[in-house]
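Student: Everything in the sequence shown is counted per full-length UniProt numbering, starting at 1 for the first residue and increasing by one.
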Amino acid sequence: MLRGHSPGCFVFAFEGDQDKAVYFQWIRRIRPDLVYEPFPCDGKKQVFLFREMLDRDLGDLSSRVYFFIDRDFDDFAGYPERENTFMTEHYSVENYLVSADVLEELLKDEFHCHAEPKLRAELMALFEARFSDFLQVTKELNKRLFIARRMKYRLEKNLPDGINQLATVHPKQVAPTASSPEAIVIFGEVPSKEEEEQLTEEFSKLDPATRYRGKFNLLFFMKWLDLLCSERRDAASELFASLERPRAVNIQSISLGMLASKAGLPRGLSEFIAAVQ
Numbered sequence: 001m002l003r004g005h006s007p008g009c010f011v012f013a014f015e016g017d018q019d020k021a022v023y024f025q026w027i028r029r030i031r032p033d034l035v036y037e038p039f040p041c042d043g044k045k046q047v048f049l050f051r052e053m054l055d056r057d058l059g060d061l062s063s064r065v066y067f068f069i070d071r072d073f074d075d076f077a078g079y080p081e082r083e084n085t086f087m088t089e090h091y092s093v094e095n096y097l098v099s100a101d102v103l104e105e106l107l108k109d110e111f112h113c114h115a116e117p118k119l120r121a122e123l124m125a126l127f128e129a130r131f132s133d134f135l136q137v138t139k140e141l142n143k144r145l146f147i148a149r150r151m152k153y154r155l156e157k158n159l160p161d162g163i164n165q166l167a168t169v170h171p172k173q174v175a176p177t178a179s180s181p182e183a184i185v186i187f188g189e190v191p192s193k194e195e196e197e198q199l200t201e202e203f204s205k206l207d208p209a210t211r212y213r214g215k216f217n218l219l220f221f222m223k224w225l226d227l228l229c230s231e232r233r234d235a236a237s238e239l240f241a242s243l244e245r246p247r248a249v250n251i252q253s254i255s256l257g258m259l260a261s262k263a264g265l266p267r268g269l270s271e272f273i274a275a276v277q
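1. Please tell me whether residue 272 and residue 86 are closer than 8 Å, where the distance is taken between their beta carbons.
2. Using the Cβ count rule (16 or more neighbours within 10 Å means buried), how would you classify residue 114?
3. Would you grab the beta carbon distance between residue 16 and residue 42 for me? Rounded to a whole angstrom, and I think it's under 8 Å.
4. Excluding five sequence neighbours on each side, which residues of the same chain lie with their C-beta closer than 6 Å to the C-beta of residue 215?
5. Check residue 173 in the structure and name its three-state DSSP category.
6. Between the stretch 43-51 and the stretch 91-105, do three or more beta carbon pairs fall short of 8 Å?
7. Let me confirm a value: residue 263 is counted as buried when at least 16 other C-beta atoms fall within 10 Å, else exposed. Which label applies?
8. If I measure Cβ to Cβ from residue 171 and keep anything under 8 Å in the same chain, skipping five residues before and after, which residues do I get?
9. Under the assumption that residue 64 contacts residue 88 (Cβ atoms under 8 Å), give the Cβ distance between them as a whole number of angstroms.
10. Suppose the cutoff is 7 Å on Cβ atoms and the five residues either side in sequence are ignored; what does the same chain contact list for residue 154 look like?
11. Which residue or residues does DSSP assign as beta-bridge partners of residue 168?
12. Mind listing, in chain order, the continuous alpha helix (DSSP H) runs of no fewer than 4 residues lying wholly within the stretch 94-134?
13. Any idea if residue 34 is buried or exposed, counting beta-carbon neighbours within 10 angstroms, 16 or more meaning buried?
14. Indicate the three-state DSSP secondary structure (helix, strand or coil) for residue 69 in the structure shown.
15. Any idea if residue 110 is buried or exposed, counting beta-carbon neighbours within 10 angstroms, 16 or more meaning buried?
16. Assuming residue 21 contacts residue 255 under a Cβ cut-off of 8 Å, what Cβ separation, rounded to an integer in Å, is found between them?
17. If you check the beta carbons only, do residue 98 and residue 250 fall under 8 Å apart?
18. Report the option in 36, 32, 147, 29 whose CA atom is closest to the CA atom of residue 14.
19. Determine which residues share a DSSP beta bridge with residue 85 and list them.
20. Is residue 190 buried or exposed, if buried means 16 or more other CB atoms sit within 10 Å of its CB?
21. Please report the distance separating the alpha-carbon of residue 138 from that of residue 210.
22. Applying the criterion that 16 or more other CB atoms from any shown protein chain within 10 Å of the CB defines a buried residue, is residue 144 buried or exposed?
23. Return the residue from the list 26, 12, 202, 269 that minimises the CA-CA distance to residue 142.
24. Which one or two residues does DSSP pair with residue 155 in a beta bridge?
25. Using only CA atoms, which one of 79, 91, 267, 180 lies nearest to residue 146?
26. Compute the distance between the beta-carbons of residue 174 and residue 183, then report whether it is under 8 Å.
27. How many angstroms separate the CA atom of residue 164 from the CA atom of residue 235?
28. Can you tell me the Cα-Cα spacing of residue 207 and residue 133, whole angstroms?
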């Protein structure tokens, strides 16, 4: 139907709806004049199945179609690499959105901490400390997910989609929940001792901030930002005590698109988009 209405348009296939807003910001920075139709596929596997379906078509439907996937813990998941398929270097697009650099831009604009470099530096240091705590708290969760993905185990329940299932977050403290990693990331099979040792060694080499599950990191970031919004509105806030007056900041205004507009581009994306033709 899309090709029938716009036969010459570029089609960019993404894993999901949230990717649209993120890549829109990034692509607009690289090629502001590039017009394309986003096509969410409801998952990484579905992106590859869509690509395979187009490969089988004899009507050249795959022409001018490009694919975007997250690296996750399984890279191309056994599917062949192609020039028309971009994969993030980090675990997922969300990992690029969670950083002290993004926070500083939010502090300048949304939190009205302009002309306050000392305060921003203090808040960025506080964020980095709490983010480090969160990554430590969720280390075993990520390790179990890494083992499951690498061993191709089926998860017996959905992964958490709320921060309270992962950790208890306060502006100055992050603590684990009562649930064990085994109760959160559940799979029935058990790797051999040799397999577990090898996978544990591989996992230990990953950079937590960029290679742990990005959706977990984003849940933490949005919760921490929400708490920061409350602090900014509070006239008695300790974190913003150096500022003259409180300001209203709404967490609902901080969207994925806004975060992406302040985040660095994934390595290789500029070259990939430049080659679209």
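Here a beta-carbon is modelled for each residue, glycine too, at the ideal position from N, C-alpha and C.
Tutor: For this structure:
1. yes
2. exposed
3. 6 Å
4. 94
5. strand
6. no
7. buried
8. 126, 130, 224, 227, 228, 231, 239
9. That belief does not hold up - the Cβ atoms of residue 64 and residue 88 are roughly 22 Å apart, past 8 Å.
10. 187
11. 175
12. 100-109
13. exposed
14. strand
15. buried
16. 7 Å
17. no
18. 36
19. 67
20. exposed
21. 14 Å
22. buried
23. 202
24. 187
25. 91
26. no
27. 27 Å
28. 14 Å
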